[in-house]
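Heads up: the sequence shown begins at 1 in the UniProt record's numbering, then just goes up one per residue. Note that the Cβ used here is the ideal one computed from N, Cα and C, for glycine as well. One structure below.
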Amino acid sequence: MAARPKERKVLISCPECNLYGEFNPDFGASHSATHKQEAAKELKEAQQKEAARQERKALQAKREGQRAKREQKKQQQQLHAEQAKKAAKKK
Numbered sequence: 001m002a003a004r005p006k007e008r009k010v011l012i013s014c015p016e017c018n019l020y021g022e023f024n025p026d027f028g029a030s031h032s033a034t035h036k037q038e039a040a041k042e043l044k045e046a047q048q049k050e051a052a053r054q055e056r057k058a059l060q061a062k063r064e065g066q067r068a069k070r071e072q073k074k075q076q077q078q079l080h081a082e083q084a085k086k087a088a089k090k091k
């Protein structure tokens, strides 16, 4: 029997998942790609959360603006009513 050639191994050290050892080169590439995919996924989720937060913040500001307009309109109506009463008393 012929001796099988020894497979080439690569030393891999991954501080993110505490992986250390000699593995096939293909494993090293796929392992690195896995971390890149996870990082991209986390970044996308963070961006979506930030976009949702910004949207809620904008909606709240819009509501507060509408509330302020309603209150201002109500105050103007009260002022006009008071002025009308004073004008009616003078006549």
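6 Å CB neighbourhood of residue i in its chain, flanking five on each side removed
i      : result
Cys-14 : none
Arg-75 : It is Gln, not Arg, that sits at residue 75 in the sequence shown. There are no such residues.
Lys-9  : Glu-22
Pair within 8 Å by beta-carbon distance, residue i and residue j
i      : j      : result
Asn-24 : Glu-7  : yes
His-35 : Glu-16 : yes
Enclosing beta strand (DSSP E) for residue i [first to last residue]
i      : result
Glu-22 : 19-23
Residue from the options with nearest C-alpha to residue i
i      : options                        : result
Phe-27 : Gln-37, Glu-16, Lys-69, Leu-11 : Leu-11
Own chain partners of residue i with C-beta closer than 8 Å, once the 5 adjacent residues on each side are dropped
i      : result
Gln-77 : none
- Item | Secondary structure, alpha helix (DSSP H): runs of 4+ residues fully inside the UniProt region "Disordered" (25-91) | You should have 25-90.
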